[in-house]
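**Student:**
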Amino acid sequence: MFQVFMVLLGVLFSGHNETDPDGDWSLEYTVHEDGPTTVYKGVVRLFTTDTTSPCFNYCFDTPEGVLSGPKVSHTPGQPVMPFDTYTRGEKTVDGLWCEQFKDDQQTPRYFEFHVTRTEFDGDDVNKLLSQWGTDGSWDLNSDGVVDGRDLALVLNGWKT
Ligand SMILES: [Ca+2]
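The number in my numbering is simply the position in the sequence shown, starting from 1, with 207 added.
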């Protein structure tokens, strides 16, 4: 029973730990579903074990959809990706961060990005209606309320 619970928990809220084979970086992040949106949140650390100019480069696998970020941040609605660059592919997000270290310091960088589906079905309408009038996860156009405008977006993205 406990194992079943842990498996379920793993599906709903999965934690990931990755390290670079060369020891340049470590990456910890979680992935969870919030309505039509998948939320990726974590931290990257660079290390100077073997080099004074370590590089982080990692490709996240994601669903198809629109890339965005948390509503509350320095740049509301935009991905929080404090790296040198990041690239959105069809089903990936690729981050790159290189740093020159004078000594053995390491400054962690925290990131968060969201991927929101653009294809919907009947189940989604029910979920949207259950959040009607709130500022829930089905506020697809990010105007602060789940209403007819969001329903229109769901109908626009109807899976055929
Ligand atoms: Ca809305």
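The beta-carbon is built from N, C-alpha and C at its ideal position, and this holds for glycine as well.
These numbers were taken from a predicted model, which means no experiment stands behind them.
Is it the case that the CB of V273 approaches a heavy atom of ligand 1 more closely than 6 Å?
**Tutor:** It does not: the Cβ of V273 is nowhere closer than 6 Å to a heavy atom of ligand 1.
**Student:** When the Cβ atoms of the region 289–299 are set against those of the region 343–359, are three or more pairs found closer than 8 Å?
**Tutor:** Because the criterion of three Cβ pairs below 8 Å is not met, the region 289–299 and the region 343–359 do not touch.
**Student:** Quick check on L234: does DSSP put it in helix, strand or coil?
**Tutor:** Strand, per DSSP.
**Student:** Does any heavy atom of ligand 1 sit closer than 6 Å to the C-beta of D342?
**Tutor:** No, the beta carbon of D342 sits no closer than 6 Å to any heavy atom of ligand 1.
**Student:** With hydrogens ignored, establish whether the beta-carbon of D231 is closer than 6 Å to any heavy atom of ligand 1.
**Tutor:** Because no heavy atom of ligand 1 lies under 6 Å away, the Cβ of D231 does not count as near it: no.
**Student:** With a threshold of 6 Å on Cβ separation, who are the neighbours of H223 within its own chain once the five nearest residues in sequence on each side are excluded?
**Tutor:** Y236.
**Student:** Expressed to the nearest angstrom, what Euclidean distance is found between the alpha-carbon atoms of V353 and F308?
**Tutor:** Taking the straight line joining both Cα atoms gives about 47 Å.
**Student:** Give the list of continuous beta strand (DSSP E) stretches no shorter than 3 residues that lie fully inside the region 269–303.
**Tutor:** You should have 273–275 and 292–295.
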